[in-house]
Structure formats: C-alpha cells, structure tokens
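*Asks:* Here our numbering is used: the first residue of the sequence shown is 36, the next is one more, and so on.
By construction, the Cβ of each residue, glycine as well, lies at the ideal position given by its N, Cα and C atoms.
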Amino acid sequence: MSRFGRRRPESKSRLDPFQRPQLRPSNQARSNMIWYFLYPLRGTSQPPRLSANHPIRRAFFRHGKTTAQHWLITMLVSVAIAMGFSYPTIFLSENPTAGFAAYPHHVWTTARPFMGEERLIDVEMRQIWVHGSYMNALNKSVLNSALGIQQAIVGPERLTTVYPTLNDQLRTGAISWGYHSPLMYWNNSADTISGDEDVVRTINDQSRTSSSLNVALRPASVFAGKRFDRKKLRAADALVITLMNKAGDGVGGQWEDSMEALASGACQNCTLFPHDGRVTRNKVYEFSFVPLSLQENIALTFAYTCMALYVLLSLRRLKAFHSRFGLVVTAITQMTCSVLASVTICGILKINLSTIPQNAYPFVVLVVGLENMFRLINAVLAYPATMATDQRIANALGDVGPVSVATAGQNLIILSLLSYFVSPGVAAFCAFACIATLFDAFFLLTFFVAVLNVDIRRFELQDTLARSTQQRARRRPSPVDSRSLKHTWFDALVQGRLPFSTRMAGTAVTTTFILSLNYHFFERHEKVTSLRHLLGLARGGSRSVADFDTFTPPPMNATLTPGEWMRMQDFDTAKEVMRLAKPGADSFVIRVFAPLIVVLADADRTGAPLGTEAWVHALRSYAIHHFYPVAVAVVFAVAFVAVLMNFLLYSEAGEEPFPEERERQEDGLSLRSVSLPHKLDIIKLAGTEKAHFVTVGLDRTVAVSLFDRAQQDYKTIGAPAEVTSSLRWPVRDCLLDDIGDYLALHCADDQIVFFSCATGSLLEQSLQYPDDNPPVLFRFFRIPGKETGAKTWLVILTSGGRLLTTCMGEKGDRETTRLSERPLVGAALIASNTQNRKLYHVTEDAQLVGYSWGEDGWKESCSGSLPLDTRLGGLSSAVSITTHQDLGHEILMVRSEKEVLFVDSSTLNTLSKIDLDTPLADITLGNTAHCAACGSVALRSVGLISEMDPDGSSEMTVLSARDGDLGGALCLRHNTTSCHSFAQASKATHKVQNPAGSLCALDSQAVLGLRRLPPLKEDVTPAKQASSAQTRHRRRASTRPSTTSREITWEAFKVSLNGEIESTPVLANEDSEAEGGSLYVNSAGPAVALDHQSSAVAFGNQVKVIMSSRRGSLAGKSDGPAIQRHGSTSKRRLTLRKGQ
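1. For the region 248-304, list the alpha helix (DSSP H) runs that are entirely contained and at least 4 residues long, ordered along the chain.
2. Kindly indicate which residue of 971, 323 and 1040 has the alpha-carbon position closest to the one of residue 1095.
3. For the alpha helix (DSSP H) containing residue 736, name the first residue and the last one.
4. Is residue 842 helix, strand or coil by DSSP?
5. Buried or exposed: which applies to residue 220, given that a residue is buried once 16 or more other Cβ atoms fall within 10 Å of its Cβ?
6. For residue 673, collect the residues of the same chain with a Cβ closer than 6 Å to its Cβ; drop the 5 residues on either side in sequence, then sort them by chain order.
7. The beta strand (DSSP E) with residue 308 in it runs from where to where?
8. Determine the contact status of residue 996 and residue 965, defining contact as a CB-CB distance below 9 Å.
9. So, helix, strand or coil for residue 1053, using DSSP?
10. Please classify residue 395 as buried or exposed, where buried requires at least 16 other C-beta atoms within 10 Å of its C-beta.
11. Identify whether residue 1133 lies in helix, strand or coil by the three-state DSSP scheme.
12. Looking at the strands, I want to know which residues DSSP matches up with residue 878.
13. Cβ of residue 974 versus every heavy atom of the ligand PLP: is any distance shorter than 8 Å?
14. Going by the beta-carbon positions, is the gap between residue 837 and residue 871 smaller than 9 Å?
15. Could you tell me whether the Cβ atoms of residue 433 and residue 741 are closer together than 9 Å?
16. Looking at the strands, I want to know which residues DSSP matches up with residue 317.
17. Applying the criterion that 16 or more other CB atoms from any shown protein chain within 10 Å of the CB defines a buried residue, is residue 199 buried or exposed?
18. Using only alpha-carbon positions, find the residue among 468, 414 and 456 that is nearest to residue 386.
19. What residue does the beta strand (DSSP E) around residue 159 start on, and which one ends it?
20. For residue 237, does the three-state DSSP call read helix, strand or coil?
21. Flag this pair as touching only if the region 170-179 and the region 221-241 have three or more C-beta atom pairs under 8 Å; answer yes or no.
22. CB residue 411 to CB residue 373, shorter than 9 Å?
23. Just verifying my parser: in three-state terms, what is the DSSP assignment at residue 692?
24. From the DSSP output, read off the bridge partner residues of residue 172.
25. With DSSP collapsed to three states, give me the class of residue 1125.
26. Can at least three beta-carbon pairs, one atom from the region 725-740 and one from the region 759-778, be found at a separation below 8 Å?
27. Please tell me whether residue 912 and residue 929 are closer than 9 Å, where the distance is taken between their beta carbons.
28. Evaluate contact between the region 309-320 and the region 629-636, counting only Cβ atoms and requiring at least three cross-stretch pairs below 8 Å.
29. May I have the straight-line CA-CA distance separating residue 792 from residue 710, to the nearest angstrom?
30. Assuming residue 13 contacts residue 160 under a Cβ cut-off of 8 Å, what Cβ separation, rounded to an integer in Å, is found between them?
31. Within the continuous beta strand (DSSP E) that includes residue 980, where are the two ends?
32. Could you say if the region 462-481 and the region 442-449 meet the contact criterion of at least three C-beta pairs nearer than 8 Å?
33. Can you look up residue 942 in the DSSP assignment and give me helix, strand or coil?
34. Considering residue 811, what are the terminal residues of the beta strand (DSSP E) in which it resides?
35. So is residue 636 buried or exposed if we call it buried at 16+ other beta carbons inside 10 Å?
36. Is it true that the region 326-345 meets the region 183-192, where meeting means three or more beta-carbon pairs spaced less than 8 Å apart?
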C-alpha cells in the first residue's frame, strides 16, 4: 500500500502524447459538396466522423497498417504499375501518331461538322487508298501500280514543275489545287522507284520533302496502317493519295471523272470500293487551330503560380524541414505518373485529347492530388510522435481515407455531369480528369502512403513534431499577449483555419477550370449565350468528328478506317493544309469525300485482323516490339527505388547485416501512464483480453478505462458519485466485459449490480449472489444470435458448486443450478469459437468436468480425473485452468500449487505433467513446434515463476530440451519412448529482483512487471541500447532541467525465457504531471495481464500499462529454432545457476 502524503502539484502544461488528437479544421476530414446538399436533413455541413468500429474506417485502417508494415513491397508494386502505364505515353510518343506527338502544345483545336451554307466551304479533299497484300504497301510493284493510278488521275506531273512558283502562289492564295502523294518520295518516277535499293530508307530520309501543296511528306500523312520503330517507318498497309482543290474551281469534277475511268483504264484487274469508282458521299467539317493568346498564357501561368504558392505555404506549415524536398519530389512523381497513365488509358479508349493544349491537362491532377496529399500529411501529424509509425499511418488513413475516396467519387459525378453540357473537346478533358482522379487515388493509397511511412521512419516528421510540442508546452502566451496578437483573414486563410480553405477546394477549382475551357469554344461562335443555346446544350449539342466515323468502313480487311486515319494526322500537317485553304486564317471549312479504295490484283488481305482480332494483334505486336524495353524500364525503376529506400534508411539500419539485429531494434519495452480519477490507492484491478480494465480505489471510486486500438489511447470513464454512493461497500469483485459495455460489481450485500459504460449509469437489472461461497468463475461471454444479434451473458460459479447464468438487458432471463455436490477449487470458461463455449471446473477430489453451452443452457459433455496430489483428502489449494494462444483450445493447462498439467480439452485425458519443487505463481510458454519423434505438438521451453520471497525476489525456472535432442522440443503428448518429456528437460533458473513490485506472465514468452530500483542503482543511467521510441522518450526527458537520474526510482521490466531482462525507467516528474496529481507509492500492485503483449500494474492512484512491442512467440508453430530476441532497452542476464 502507498502512504497518503500530500499530492504533488498538478501541471497543466503537460501534453499527453496518447491523448486523442483534436484536429484543427485543416486537419479534420475535409468536407465534400454533398454534405452541403444534405444540410437541411443533417443540420450541419461537416462530414460525418466515422467511429473507430465503423467497417469503412476499419477497412482503411487495415489497409493503412498493412501498407505501412509492408511499405517496400507496396512501393515497388506501385512503381512497377506506374511505369507500365506510363511507358506507352513516354516512349511511344516518338511514334508520330501516338503519345504526346498527337497533341498540340500551345494551340486550341476543334474539328466539328459544319452546318453552314455551301458557299462558305473553302477546300475539297478526295483520297485514293491503294492496297496491296497485308502490310506490303512498300513493295515496288505496289508503288508502280499506285503511280499508274495517280498519273491516270492528275497526269505525269513532276515536283520540278511546281516548286519554282509554289511559295509565291501560296502567299497570294492563287494556287487552286494540288495533291499529296507518297510517290513524291521518288519524284513520281517509275525509273526512280525501280532503281531504289532501299525503299524504307528513302522514305525515312526524305520524310521532310514537300508535296505540291507545300505540305511535308510525313509518313503519317501518306500511308495508312503504319508500323513505326521509334520515328522510323518500317511497314505500311496502304498508300494514301490526297487530292485538294479550292471549292467551285471545277478541278474536283475532272478528278471524279478520272476516278470513274479507273475501272476500265489503269485498274482493270483491281477491286474498287465503290465498285464503279464514283464517290458521292461527303461530309463538311470546320477545322480551327487557334494559338494560345497572351491573356490565356497569363491565366495558365497565374493558375500554376497559385498552385506553387499553395504548395510552398503548405510545406511551410509542416515542421519537417528535411522532408520538404522529399515530399515535393514524391508529389511531382505521383502526379506525373497519374497524368501519363491517364493519357495511356485515353489512347486505349480512343478519347480525343487533341482539342485542348497539353499545358492544361496537369492542372486538374495538381488540384485534386495536392489536396489529398496534404490532407493525409496533416492527419498523420495530428497523431502524437510517440505512437507507432504504422498506427499513425493507419489512423490517419482511417480518418481521411473515406473522405478522400468520397471526394474522388464526388469529382467523378460532377465531371460526368459536366461532360453532357460542355463542348465535345472539353468533354474529352472531363473524361481525362476522371481517369486521372482514379489513378491519383490509387497512387495516394499505395505509393504516397509508403513514402510517407519511410519519411516518418527517418524521424524527420516525428522528431520535429515532438520538439514543436515541447516548445508549445513551455511557451504559453499570457492572456494579454494573446489579445494583443491580431490575426487577419488572410493569415487564417493561409493557415487553413477558415472553413472555405478546407471544403470543396479541389472540386470548386476543377469545375471552374473546366467551365473556363468551355467558354473558349463558346465565345468563338456565340458572343452572347442565349437560352436557346443552353437548351441545345442540354439536349446534347452537335456531335464532333470523334462521335462517328467519317464514312462507312470498306467491305474488306482494312487496317483502319478513313476516319481513324484523319484523327491520326499530326497538327503540323493540318496547319500546312490551312495555309493552302486560307492563308493567314486560323480556321477553314473543308468538304471531305469518302476515299476511293483500290485493292490491287492478286493482293492477299487475309492477314489483316478484324474485330476482337485487332486487339489481339495489337497486343501481340506490342509484346513483340516493346516487351523487352518495358520490362527493362520496369525492372530499372523498381531497382532504383529499392536502392534509394535502402540509402534513405541506411542511418536507421546501420551496418547490421543480420535480421536478428534488425529485430533487436524493433523489439522494445514501452510504458504508458493512465491517469484515473482516484484520490487514494487502487485496491482492485481487473482487465480483459481487449486491453480494457476497471479499477476500484480505496476512496470508494470506480473507473473504467477503455482502450481504443485505432487511436492507441485510453478513454477513462469514472462512475458518477450518485452511482458509487448507492453501492454497499466494500466491493468484493469487479468484472468488465470484453468490449467494454458492461461492468459488474459484487457488493458487500451480495448484490451484483451492473454499470453501463455507454450511458454512465446503473442498469435496472441486478442479481442476488447465489450463495455464501467465493466465486471460482466470474465471467462475461458473448453468444451471437440468428435473429436478435449477439448477446452478452454473465456466468457466476461459486466454490459451493452453484451456477448462475443471466443475459444482459433481459429481465428475468436467469438460471440458477447446482453443477456439483463437491466443493470446487477452480473453473474456466473457454471460447473454442463464437458458437461453441465450454465451461470446465475442478472439484476438490481432482475431478475435471466439462460442459457445453446449448439452447438449454450448460450440459455436461466430458469428465476425467487429474493426477494431482490429494493425499490430504482433497486439493488444498486453488487450481487455475487456462489456454495458450499457440496451443489453441485443444489443450488446457491446469495449474495447482505444485503441479502443471497439459490436458486434452475434448477427452480430458492428461497429456503431460510437470512436478514443481516450490509453490508456483505463474507460467509462460515458449515457441511451439512439432515433436521430431511422433509429430505431435511440442514446446521449445516453459517458464515457471515461483511465488515471491520475503525479500521481494522471485525465481523463474526455464525447462527446455537439451541441445540436439530430437529437435530441441518437449513433447506434450509423449506418444513414444523417443519423445523428449518434461522429466528429461534441462533446467535454468533465473532470479528476478522485484522489491516492492508486482509482475505477471504473458502468453508472449515474457514476464512483465513494475519494481522499485535498489538504492545502489539510483544513479544508474538508462539503457545502453535503446529503441527509437525509447531514445526519443529519454531525449525529451533530458531536456527538462528538473529531471535527474536520482529521480528514477521505479522501472518497468520484462524478463524473457532466456533470462534477459529489459527495463525502462519510470520518471518521477512524469508522474507528477499526470492529471489530478499522483501519490507517493511505496509498493506497486495489483497486476493483471491484458492482451498477449501488455499488462497493467496499479501504481498508487494510477495504472501503468507495460507493453512489449513485439509478440514474443512470433515464430508461432514453426519448426525452426526459436527467435533469439534481444531487447532495445537496458539488458542484463541474471542467471545464477543451471542444473541438468
């Protein structure tokens, strides 16, 4: 017990690192527009904050934790995906018809059907497509045949007869017709074609030669069905001869007559489409190419400048100077990959992105991507630096992940709606923005989360946050100073404290930007937008060239249609054609006739793919020509990122090449103080497997502490004074259910009352204790129901054999029965699964009886005798029945004062027995394995903790197999004589000094406790080796001027089965800063195990929660050697003797 001295003064300057973060508006989950629409129904525009148990938040929490724990795999996989999607846009852009080469740089382009008067048509265009065998258009025989067709239509014209006056005619607009043909590579000469030794090389060398239209003879404009190797043409499927003339000059009619005469002249054995050579189908389009104006360039520059300022100001608010550059590089990389991958998908889906300049496309990704990134960064920084890295990432993603995904969904809906009302070119931009939003969300949840985890692992964000917290704690401005500080609206906007700066920012900016783009197309046709025009937009407006193919595809195996060929032309060619149509103008109207398809005699077209075969052919071609460079690019990117991460984390990993050394740094002991409303010492402490616990104070107060795994924080609920005053004291027993809903108190009047932690009041339901005997079982359990859902039950079994079972929340639903006529010395409730609950009890004559839960209550299922010492007529001490997480529910551990039994839970047959020389206080098991002799379950080691000696010390005897004996495992079933039994085990005894302390054993191969340091160790400095968390903890403690080594009088410790002790100090001034103050503690206790990694120890009017960061039995059921774990705090081996 502690002495009730004066309480230490309260300190309000201390910031509890485990307190649930109170997020500023900029750190909270940012609102979406949908919450504004729901304002009349909800009464608030703030987004709903998901509870810790909400399935959506739990899903994001699990994703964040998994990504943080496996950050390298996540990062490498996301990099590989990004590189795979970005490769076509980057490297295939060297193809003149693919990638960025197909999009204009600083030009607005439109191509739409023209509905105006015939007299406004500027140019007419006709085409002849000459096909030979599939992808064999560059054969000399095909070229000579095409030359004959061309001469039959336009005559034997040479380039030399056109060039001298062509430029002058173009400047004056006097030229009225011309043609564009691949045969001009050979000057329209059959002799030159026949004498050419390398046709493909000639084409590539003369790709800038001009035609009679003064248009460069680019392969993309004179061939169809092209195959490129980078910018070099390798094959083509058709020769394209283009004829252009001014509208109304009569030349077009002459060409039509010549094309009709082909069937009886130059192409007697050819196949024509149309068969008679008469082409009448045509469509009229308006093409415009408007360079970006000075005002538009200034607007784009201003928009990107604002984004850069936003990034700089946001980074300035972050307290991680060394991480700023890395975060900027990460953001740029992520958004660049999103843009490139989106362009690739748009190319696959044939979405025309050529109407808007390239400079506008990254803006949408910048707006949406940066908002999500800073939202996640701020959410991570809102959690304390002392929280584990994966927990910070998981909680932050659980907070903002649903809102980020909801924002992405909101943007997709808005962009989809806008695409129905804007011009066709801007509709394609909306489609691009939708795809980019999806990619950005994917890379945010994978790549950016992994990079952020690496950044925190480098202690840059974490240490800076800790320092800023200490500075805020030490520097509190006086009220006068606070009133004297004036904060302007702009300051609040920059700092993110205004609601507008955190709500709908990305959506609003994106919508405004798209409407601005759309205005550019409207103002060229209607200076004033009328209601009639708006109604036309609502009905869908006019279609673009991309909405339908130019003409009906020819009835043959063509590589591509004429409409697809037109959309593949680059914009340099279009600008040169515009100079012919209307010199000096930025738009022209053209009548495009359906092409005349000529298939030469004996041409084999069976190789051309049709329908779905085209996709297969394209994939096969891509795999053949690009698989190797893609694989090299992906492997290089992944390897580069892996090496970069190793370099960034080199200072953390050091030069330790072995995994055991890395585990040593990750394995650590941590201590947490939970302040409670008690004014006097804690006399009762009970915990649950979910790490919740309930405490009863000597001042007749009751407190429930619930552990939030998502927040890694305790929430304390104190019973109100009217509740505690109504109880009959003292409280004999207290019990908390696993989920922390109900608290049961066994009072002095033998009444069991129930307290609701949710409402903070007593329930009307109460029970009368069944008899005058103490309980051997006092336990809550939950049974899921088919119709009513899960129900919580309370079971009480007294040593007199009386059983009381009641369902919580249902009055009158209780059952009292007598299970045994013999006195009971121990009992346990085992949950083999959610539906199958079993109850075991041990009678005074060493009989173990099992019961199963059913619809009719508890029914006996099995029984057996235990080989325990009953020479005095019965068992003289209490018996404990437990299970171990690695052994499962198939094996029970029955523990008395001098024996430990391992019992089969189904048959209740005793498998193994351990006889003890000294009274046993607790037991912990080592790693599980399989017996090498019989294959049954076995243990690497067993730790037996004796009762505490008068001097406060305890002994831990560790049983283990001799080195090299049957795989080094102790068989539990001992089926054969070759099995290594406990009687043959070697013993190692470790003495643990525990003055005025308390300890308990865990399933994780360890014993945790709290003890007072001996006087000789008062000046001992903390551990030589420390984990990252402990290093930061001690670094913060060293900054306090009042903290000295003499104030460290208590320490939390962990004893492993190998005799190694790890410890971490309990600082005296840390206790004084707890809420409500702390008492002077003379002895610690009681102690109780919580989950498999932590225990709670009463420490005056507080509770110290001791946590082992690594589960000791991580090796689980492996057959390999046990993990040799090394602590990260002070270590000392205290083995006194070893015996065989």
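*Replies:* Taking the structure as given:
1. 254-257 and 286-295
2. 1040
3. That residue, residue 736, is in no alpha helix (DSSP H); it is neither H nor E in DSSP.
4. strand
5. Buried: at least 16 other Cβ atoms inside 10 Å.
6. Beyond the five residues adjoining it in sequence on each side, residue 673 comes within less than 6 Å, by CB distance, of 111, 114 and 115 in the same chain, given in chain order.
7. 306-308
8. no
9. Model confidence at residue 1053 stands at a pLDDT of 39, short of 50, so the residue's coordinates are unreliable; what they give is reported in the following sentence. Residue 1053 falls in the coil class under three-state DSSP.
10. Its Cβ being crowded by 16 or more others within 10 Å, residue 395 is buried.
11. strand
12. 859
13. The ligand content of the structure shown is nil, which means the ligand PLP is not present either.
14. no
15. no
16. 628
17. With a pLDDT of 37 at residue 199, under the threshold of 50, the predicted position of this residue should be treated as unreliable, though the coordinate-derived value follows. Residue 199 comes out exposed.
18. 468
19. 158-166
20. helix
21. Output reads yes: the region 221-241 touches the region 170-179.
22. The answer is no: Cβ separation not under 9 Å.
23. Caution is warranted here: a pLDDT of 39 is assigned to residue 692, below 50, making its placement in the model unreliable, and the coordinate value is therefore given only provisionally. In the structure shown, residue 692 sits in coil (DSSP, three-state: anything other than H, G, I, E or B).
24. Note: residue 172 sits in no beta bridge, so no partner.
25. coil
26. yes
27. no
28. yes
29. 18 Å
30. Because the chain here runs from 36 to 1175, residue 13 falls outside it and cannot be looked at.
31. Residues 976-981.
32. yes
33. DSSP places residue 942 in the coil class of the three-state scheme, outside both helix and strand.
34. 810-818 is the span of the beta strand (DSSP E), which, as asked, contains residue 811.
35. The C-beta of residue 636 has fewer than 16 other C-beta atoms within 10 Å across all chains shown, which makes the residue exposed.
36. no
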